[in-house]
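A.B. asks:
In the numbering used here, the protein residues as written are 281 to 347.
As structure tokens, this is what we get:
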């Protein structure tokens, strides 16, 4: 539902959200994504790594910094 109701949110051919792999930012400035909605089914370890990367990027974004 999120992917079909959010104008400007870029999706790949499988319907997953496209993100910048370094920051996890989506095609919408200031919107970050991670987890299965980005990668499809993945391991918990992978999800934790993506979550950590997204958290760093969100923190930098909120502080007005870019990574």
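All residues carry an ideal CB built from backbone N, CA and C; glycine is no exception.
In chain order, what residues of the same chain have a beta carbon less than 8 Å from the beta carbon of residue 310, not counting five sequence neighbours either side?
C.D. replies: The residue given as residue 310 occupies position 30 in the chain shown. Within the same chain, residue 310 has close Cβ partners 341.
A.B. asks: Write down the C-beta distance between residue 297 and residue 317 rounded to the nearest angstrom, noting that I regard them as a contact closer than 8 Å.
C.D. replies: Along the chain shown, one-based indexing puts residue 297 at 17. Along the chain shown, one-based indexing puts residue 317 at 37. Between residue 317 and residue 297 the Cβ distance is about 5 Å, and since that is below 8 Å, they are a contact.
A.B. asks: If I follow the unbroken alpha helix (DSSP H) through residue 328, where does it start and stop?
C.D. replies: Within the chain shown, residue 328 is the residue found at index 48, counting from 1. Residues 324-342.
A.B. asks: CB-CB under 8 Å to residue 308, same chain, minus the five flanking residues each way: which ones, in chain order?
C.D. replies: For the purposes of this step, residue 308 is identified with residue 28 of the chain shown, where counting begins at 1. Excluding residues within five positions, the ones whose Cβ falls inside 8 Å are 286, 288 and 289.
A.B. asks: My guess is that residue 315 and residue 330 are in contact by the Cβ rule of under 8 Å, so how many angstroms apart are they, rounded?
C.D. replies: Indexing the chain shown from 1 puts residue 315 at position 35. Indexing the chain shown from 1 puts residue 330 at position 50. Sure, about 7 Å apart at Cβ, within 8 Å.
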